[in-house]
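A.B. asks: Listed in order, the protein sequences are those of chains A and B.
Under our numbering, the letters of the first sequence match residues 1 to 145, in that order.
Under our numbering, the letters of the second sequence match residues 1 to 145, in that order.
I'd like to ask you about the structure that follows.
Number of protein chains: 2
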Amino acid sequence: MELSCKSEYALLALLELAIHYSDGEPLQIRQIAAEQNIPDRYLEQLLATLRRSGLVRSQRGAKGGYLLSREPWKITLLEVVNCIEGADAKSSETGREAKSVEGTVIREIWQEAGEAADAILQKYTLQDLADKRDVKRQLDIMYYI
Amino acid sequence: MELSCKSEYALLALLELAIHYSDGEPLQIRQIAAEQNIPDRYLEQLLATLRRSGLVRSQRGAKGGYLLSREPWKITLLEVVNCIEGADAKSSETGREAKSVEGTVIREIWQEAGEAADAILQKYTLQDLADKRDVKRQLDIMYYI
DNA sequence: GTATACCCCGGTTCTCCACTGGGGTTTGCA
DNA sequence: TGCAAACCCCAGTGGAGAACCGGGGTATAC
């Protein structure tokens with residue numbers, strides 16, 4: 001289960017949006033990028049992808065930015081990675097066919113493994129991420145004292 | 001859960017060895033490559049990796065070849081992919097560290113997902129692969145009639 | 001009307017995967 | 001004893017994709 005840089009950036013950005021969800025005001029690319037240490041021009045592309053698949057919505061012009069289009073507890077991590085990873089891998093989808101019986105058997109098992117991993121990603125939402133973050137932060141403070 | 005070409009080749013080769021395990025005679029790279037449509041010079045490297053980690057043993061010289069070093073039902077698919085994928089990713093292991101709390105949280109979830117996938121790969125052995133193959137072959141014949 | 005933001009499209013660099021090639025060394029067999 | 005069949009080791013190459021950068025647009029608050 002590889003976590004690509006791309007997916008991690010997207011998750012960090014959405015987490016940032018989730019944290020400020022209750023504010024109701026849009027967050028700008030610059031702010032998100034600065035807060036999470038993401039190259040801003042790259043993040044722009046990722047947010048565009050997320051917008052096209054409806055996970056976030058944008059407000060153009062001065063004082064613009066990005067907002068989650070749903071509540072943080074209604075967005076699963078699986079949705080996010082599917083959106084990001086599956087974005088360009090469209091159209092062709094010629095990701096290797098198995099011609100032999102042996103190849104088919106192997107692929108079936110790999111699909112089962114993939115589904116098991118997806119099940120984990122599906123049970124966590126952006127809200128869970130935010131909560132876990134808060135818990136970890138409190139722990140860090142306690143250790144410091 | 002990505003199935004790399006490399007891992008699939010290795011599994012196909014080991015499956016071929018598993019099928020002929022009871023023969024007791026070594027199989028040659030050429031034969032395996034021809035049977036499973038694998039570039040032979042490439043397969044050579046993979047078998048070398050598998051040998052170094054003790055999954056197969058080799059016999060040099062004329063009439064030589066490769067043999068499984070354990071019974072097919074004692075080799076799990078997880079072992080195989082760990083051996084193949086983890087072979088070169090040694091030494092450095094600088095596979096991105098998470099400096100932020102947010103990054104750590106995300107990685108923990110990804111690890112959980114990876115473990116779920118690994119659990120699936122661990123419950124299947126080369127023997128299971130061979131059995132599934134036989135079942136599928138019988139089905140193919142019945143459909144044909 | 002102007003500064004601030006998003007929007008779109010393309011290029012660049014770098015790494016890694018799949019694969020190839022050129023030499024060895026070991027061993028069975030005539 | 002020779003020789004061919006097989007494994008062994010190491011190095012290089014070509015293409016694809018990931019991560020990133022840049023230039024020029026367009027919408028909108030003030």
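We treat Cβ as the ideally placed atom computed from N, Cα and C, and that holds for glycine.
Here's the rule: buried if 16 or more other CB atoms are within 10 angstroms of the residue's CB, otherwise exposed. What is residue 72/B?
C.D. replies: Translated into the one-based positions of the second sequence, residue 72/B becomes position 72. Result: buried.
A.B. asks: According to DSSP, simplified to helix, strand and coil, what is residue 7/A?
C.D. replies: Mapped onto the first sequence, residue 7/A falls at position 7. If DSSP states are grouped into helix, strand and coil, residue 7/A belongs with the helices.
A.B. asks: Would residue 90/A be called buried (16 or more neighbouring beta carbons within 10 Å of its own) or exposed?
C.D. replies: For the purposes of this step, residue 90/A is taken as residue 90 along the first sequence, with counting starting at 1. In this predicted model, residue 90/A has a pLDDT of only 48, less than 50, meaning its place in the structure is not dependable; the value taken from the coordinates is given anyway. Counting Cβ neighbours within 10 Å, residue 90/A comes out exposed, since fewer than 16 surround it.
A.B. asks: Taking the straight line between their C-alpha atoms, what separation do you get for residue 36/B and residue 53/A?
C.D. replies: Here residue 36/B refers to the residue found at position 36 of the second sequence. Here residue 53/A refers to the residue found at position 53 of the first sequence. Approximately 40 Å between the Cα atoms of the pair.
A.B. asks: Helix, strand or coil, according to DSSP, for residue 100/A in the structure here?
C.D. replies: Counting from one through the first sequence, the residue named residue 100/A turns up at place 100. Residue 100/A: coil per DSSP, three-state reduction.
A.B. asks: Please list the partners that residue 75/B has in chain A, where partner means a Cβ-to-Cβ separation under 7 Å.
C.D. replies: In the second sequence, the residue the question calls residue 75/B occupies position 75. The premise fails here: residue 75/B is roughly 14 Å from chain A at the closest Cβ pair, so nothing lies under 7 Å.
A.B. asks: Would a check of beta-carbon distances place residue 101/B closer than 8 Å to chain A?
C.D. replies: Locating residue 101/B in the second sequence gives position 101, where the first residue counts as 1. It does; some Cβ of chain A falls within 8 Å.
A.B. asks: Would you decide whether residue 100/A is buried or exposed? Buried here means 16 or more other CB atoms lie within 10 Å of its CB.
C.D. replies: Here the question's residue 100/A lines up with position 100 in the first sequence. Exposed, since its Cβ has fewer than 16 Cβ neighbours within 10 Å.
A.B. asks: Closer than 8 Å by beta-carbon distance: list the chain B residues that pair up with residue 112/A, in chain order.
C.D. replies: The residue given as residue 112/A occupies position 112 in the first sequence. In chain order, 120 make up the part of chain B whose C-beta sits under 8 Å from the C-beta of residue 112/A.
A.B. asks: Between residue 30/A and the rest of its own chain, which residues show a CB-CB distance below 8 Å, the 5 nearest in sequence each way excluded?
C.D. replies: The sequence position of residue 30/A within the first sequence is 30, counting from 1. Answer for residue 30/A: 40, listed in chain order.
A.B. asks: For a contact defined as C-beta to C-beta under 8 Å, what are the partners of residue 105/A on chain B?
C.D. replies: The count along the first sequence starts at 1 and reaches residue 105/A at position 105. Simply 129, 132, 133, 136.
A.B. asks: Please compile the residues from chain A whose C-beta is within a distance smaller than 7 Å of the C-beta of residue 1/B.
C.D. replies: Counting from 1 along the second sequence, the entry for residue 1/B is found at position 1. The contacting residues are 1, 110, 113, 114, 117.
A.B. asks: What does the alpha-carbon distance come out to for the pair residue 80/A and residue 55/A?
C.D. replies: Here residue 80/A refers to the residue found at position 80 of the first sequence. Here residue 55/A refers to the residue found at position 55 of the first sequence. Rounded to whole angstroms, residue 80/A to residue 55/A spans 8 Å at the Cα level.
A.B. asks: Under 8 Å between the Cβ atoms of residue 77/A and residue 17/A?
C.D. replies: Translated into the one-based positions of the first sequence, residue 77/A becomes position 77. Translated into the one-based positions of the first sequence, residue 17/A becomes position 17. Contact flag unset, no.
A.B. asks: Counting only beta-carbon atoms, is residue 10/A nearer than 8 Å to chain B?
C.D. replies: As a working note, residue 10/A is residue 10 in the first sequence. No, no contact with chain B.
A.B. asks: What number of angstroms, rounded off, separates the C-alpha of residue 144/A from the C-alpha of residue 19/A?
C.D. replies: Mapped onto the first sequence, residue 144/A falls at position 144. Mapped onto the first sequence, residue 19/A falls at position 19. Roughly 24 Å between the two C-alpha positions.
A.B. asks: Could you check where the beta strand (DSSP E) with residue 27/B kicks off and where it finishes?
C.D. replies: Position 27 of the second sequence, counted from the start, is the residue given in the question as residue 27/B. Taken as a continuous stretch (DSSP letters only), residue 27/B belongs to no beta strand (DSSP E), as it is neither H nor E.
A.B. asks: Would residue 130/B and residue 47/B qualify as a contact pair, given that the criterion is a beta-carbon distance under 8 Å?
C.D. replies: Position 130 of the second sequence, counting from 1, holds the residue named residue 130/B. Position 47 of the second sequence, counting from 1, holds the residue named residue 47/B. Against a cut-off of 8 Å, the Cβ pair of residue 47/B and residue 130/B comes out as no contact.
A.B. asks: Roughly how many angstroms separate the alpha carbons of residue 2/A and residue 113/A, rounded to a whole number?
C.D. replies: In the first sequence, counting from the first residue as 1, residue 2/A sits at position 2. In the first sequence, counting from the first residue as 1, residue 113/A sits at position 113. Rounded to the nearest angstrom, the two C-alpha atoms are 13 Å apart.
A.B. asks: Please name the residue in 102/A, 119/A, 133/A, 83/A whose C-alpha comes closest to that of residue 134/B.
C.D. replies: Counting from 1 along the second sequence, the entry for residue 134/B is found at position 134. Minimum Cα distance to residue 134/B is reached at 102/A.
A.B. asks: Ignoring anything shorter than 4 residues or poking outside the region 39-71 of chain B, list the alpha helix (DSSP H) runs there in chain order.
C.D. replies: 40-52
A.B. asks: Check whether the Cβ of residue 31/A lies closer than 8 Å to any Cβ atom in chain B.
C.D. replies: For this step, residue 31/A is matched to residue 31 along the first sequence. So no, residue 31/A is outside the interface.
A.B. asks: What residue range does the alpha helix (DSSP H) around residue 143/B cover?
C.D. replies: For this step, residue 143/B is matched to residue 143 along the second sequence. Note, residue 143/B: alpha helix (DSSP H), 126-144.
A.B. asks: Mind pulling the chain A residues with CB within less than 7 Å of residue 159/B?
C.D. replies: Outside the displayed range of chain B (1 to 145) lies residue 159/B, so it cannot be described from this structure.
A.B. asks: What residues of chain B sit near residue 124/A, judged by a beta carbon separation below 8 Å?
C.D. replies: Position 124 of the first sequence, counted from the first residue, corresponds to residue 124/A. Going along chain B in sequence order, the residues near residue 124/A (Cβ under 8 Å) are 109.
A.B. asks: Can you tell me which of 117/B, 64/B, 137/B, 109/B puts its alpha carbon nearest to the alpha carbon of residue 124/A?
C.D. replies: If you number the first sequence from 1, residue 124/A lands on position 124. For residue 124/A, the nearest C-alpha among the options comes from 109/B.
A.B. asks: What's the C-alpha gap between residue 58/A and residue 51/B?
C.D. replies: On the first sequence, residue 58/A is found 58 positions in, with the first residue counted as 1. On the second sequence, residue 51/B is found 51 positions in, with the first residue counted as 1. Their Cα atoms are separated by approximately 55 Å.
A.B. asks: Is there a Cβ of chain A sitting closer than 8 Å to that of residue 36/B, yes or no?
C.D. replies: Reading the second sequence from its first residue, position 36 is the one you call residue 36/B. Yes, its Cβ sits closer than 8 Å to a Cβ of chain A.
A.B. asks: Flag this pair as yes or no: are the beta carbons of residue 119/A and residue 34/B separated by less than 8 Å?
C.D. replies: Within the first sequence, the letter at position 119 stands for residue 119/A. Within the second sequence, the letter at position 34 stands for residue 34/B. Not a contact, by the Cβ cut-off of 8 Å.
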